[in-house]
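Heads up, the thing below is written out as structure tokens.
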Amino acid sequence: MVHESIFDLNNRAYRCASTQQGYSPFSTWTRGQAWILCGYAEQLEFLQSQAEFVLAPYGGKRELLQAFEAVASAIATFWVEHTPTDGIPYWDTGAPNLHKLGDWASRASEPFNDHEPIDSSAAAIAAQGLLRYGNYLQATERQSEGTRYRQAALTMRSIFSPNLISPLVRRIRG
Numbered sequence: 001m002v003h004e005s006i007f008d009l010n011n012r013a014y015r016c017a018s019t020q021q022g023y024s025p026f027s028t029w030t031r032g033q034a035w036i037l038c039g040y041a042e043q044l045e046f047l048q049s050q051a052e053f054v055l056a057p058y059g060g061k062r063e064l065l066q067a068f069e070a071v072a073s074a075i076a077t078f079w080v081e082h083t084p085t086d087g088i089p090y091w092d093t094g095a096p097n098l099h100k101l102g103d104w105a106s107r108a109s110e111p112f113n114d115h116e117p118i119d120s121s122a123a124a125i126a127a128q129g130l131l132r133y134g135n136y137l138q139a140t141e142r143q144s145e146g147t148r149y150r151q152a153a154l155t156m157r158s159i160f161s162p163n164l165i166s167p168l169v170r171r172i173r174g
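The opening residue of the sequence shown carries number 1 in my numbering; numbering runs sequentially from there.
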């Protein structure tokens, strides 16, 4: 997933991938990915609520839903497969020191490791997106798929654990 792209202003030709938040243009900045997941889930809910004639000028309701579902499915699947088991990601899936954490995706995140920070805000955003996407799938008769993503969202409840909240509370209290 490319976070940004650079175009030639003179001829509008594509030049290259870019990023200002992620580690590289060829890695996945997890907070950006979380916002995509959340946004597409919200758009699916909205599009589902619209009458066919409203969406006809844009290709039709079925076609729009299929296009948005393809993106939401790809992002949600990537999230589940490239995130620690507690659903709390490291800041970027291509972060340069993730290799020092070993098989980091097969266990819960380690907020106090010495190599890469986690991003609990990305987890909170993605939890909303996964829950909404799971609800959408269940509402459209895809129970098992919907349950998978709803469960992934509920797994992220550890963002409320004392290990993650305590440092924040200490900073706020001064």
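Here a beta-carbon is modelled for each residue, glycine too, at the ideal position from N, C-alpha and C. Here the structure is a predicted model, which means the values were calculated and not measured.
From the DSSP output, in three-state form, read off residue i for me.
i: R15; result: strand
i: W29; result: strand
i: F112; result: coil
i: I36; result: helix
i: A105; result: helix
i: R150; result: helix
i: Q21; result: coil
i: Q50; result: coil
i: H82; result: coil
i: R142; result: coil
i: A95; result: coil
i: S73; result: helix
i: S161; result: coil
If you measure between the beta carbons of residue i and residue j, is that distance less than 7 Å?
i: E145; j: L154; result: no
i: R31; j: D119; result: yes
i: W35; j: I125; result: yes
i: A56; j: P84; result: no
i: T28; j: T77; result: no
i: S109; j: I75; result: no
i: G129; j: C38; result: yes
i: L64; j: Y58; result: yes
Go through its chain and collect everything with a Cβ distance to residue i's Cβ below 7 Å, but skip five positions before and after it.
i: F68; result: Y40, Q43, L44 and L47
i: A139; result: none
i: Q176; result: Nothing can be reported for residue 176, as the shown portion of the chain is limited to 1 through 174.
i: F112; result: none
Use the C-beta contact count for residue i: other C-beta atoms within 10 angstroms, 16 or more gives buried, fewer gives exposed.
i: D8; result: exposed
i: D103; result: exposed
i: R132; result: buried
i: Y149; result: buried
i: A13; result: exposed
i: A70; result: exposed
Tell me, please, which residues DSSP counts as bridged to residue i.
i: Y133; result: In DSSP, Y133 forms no bridge with anything.
i: I118; result: Y90
Given residue i, which residues of its chain have a CB within under 6 Å of its CB, disregarding the five upstream and five downstream residues?
i: K100; result: H115
i: A122; result: T30, R31, A34 and P89
i: V80; result: A152
Is the CB of residue i under 7 Å away from at least one CB in chain D?
i: P117; result: Here chain D cannot be found, since the structure has a single protein chain.
Whose C-beta lies closer than 8 Å to the C-beta of residue i among residues of the same chain, with five residues either side of it excluded?
i: D86; result: A108, S109, T155, M156 and S158
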